[in-house]
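Convert by adding 30 to the 1-based position in the sequence shown; the result is the number in my numbering.
Here is the structure we will look at.
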Amino acid sequence: MEFLYLVIGLSVLVVFYIISNYNWFQATLVRIKASIQDIGNQLKRQASLIPNLESSAKGYLKHEKGIFKSLTDARKAVDAASKSGNMSDITKASDSLSKVLPQIQVLVESNPEIKGSNVVTKLMDELRDTSDKLMYARRTLIDLSADFNQKIMVFPSNMVANLFRFKQQKGLDTPDSGAHLEVTTAETKDVKVSL
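Written out as structure tokens, the structure is:
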């Protein structure tokens with residue numbers, strides 16, 4: 031009789047373990063998808079702030095048309111990537127936008143007329159805030175993907191993952207080379223401070 035209770039007790043524990051692991055995998059998949067959506071939302075917010083920044087700063091920077099064209103192209107890429115939902119497109123669009131924003135910041139900081147404009151300063155602050163939120167969303171996606179992939183790889187949770195055919199999550203692709211990894215002279219330009 032005691033043996034029967036032992037078998038029933040162990041069976042209940044195994045079933046509980048399988049159910050709790052299955053639920054963890056499902057919940058983490060939902061959180062991974064939500065973090066991808068959050069990245070897309072922050073990119074859309076960033077892209078929607080850019081036209082306001084453009085129109086506010088254009089009057090001051092008529093001679094900097096190349097930067098505004100790059101900014102417009104980056105914004106269009108973000109819109110297209112957000113609509114597609116493809117993570118590699120979102121990453122590429124985000125990288126192109128991230129490359130243009132520091133150039134604008136250098137222009138704003140080096141031009142006293144723009145620096146004095148409250149509208150431009152407020153928009154730059156909002157863009158910085160959005161960039162911080164975007165970085166946090168990316169960090170969340172990376173962490174969730176790493177936890178998910180680790181649990182798929184380690185024993186005994188890998189048996190549950192194999193049983194229900196859970197696959198590793200890609201996370202964010204980070205290319206080893208490319209223009210987005212290069213630092214331009216505009217990004218390293220010293221800011222003049224006068225007291």
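All residues carry an ideal CB built from backbone N, CA and C; glycine is no exception.
The model shown is predicted, which means the values in this text are computed figures rather than measured ones.
Residue i versus residue j: straight-line alpha-carbon distance, rounded
i, j, result
"V37", "V44", "10 angstroms"
"F185", "L174", "19 angstroms"
"M189", "I182", "8 angstroms"
"N51", "Y35", "24 angstroms"
"K106", "K74", "10 angstroms"
"S187", "V130", "44 angstroms"
"I134", "L153", "11 angstroms"
"F46", "E32", "21 angstroms"
"D119", "A110", "8 angstroms"
"L59", "K197", "10 angstroms"
"L40", "R195", "24 angstroms"
"A176", "G201", "8 angstroms"
"L211", "D125", "The predicted model places L211 with a pLDDT of 48, which falls under 50 and marks its position as unreliable; any figure quoted below should be read in that light. For L211 and D125, the distance between alpha carbons rounds to 9 angstroms."
"D162", "V42", "46 angstroms"
Span of the alpha helix (DSSP H) around residue i
i, result
"M189", "187-193"
Supposed contact pair residue j and residue i - C-beta distance, whole angstroms, cut 8 angstroms
i, j, result
"L127", "A104", "4 angstroms"
"I69", "R168", "6 angstroms"
"V108", "A77", "4 angstroms"
"Q72", "L164", "4 angstroms"
Indicate whether the contact test is met: 3 or more Cβ pairs, each with one atom in the region 151-158 and one in the region 53-62, closer than 8 angstroms. The answer is no - the region 53-62 does not touch the region 151-158, with fewer than three Cβ pairs under 8 angstroms.
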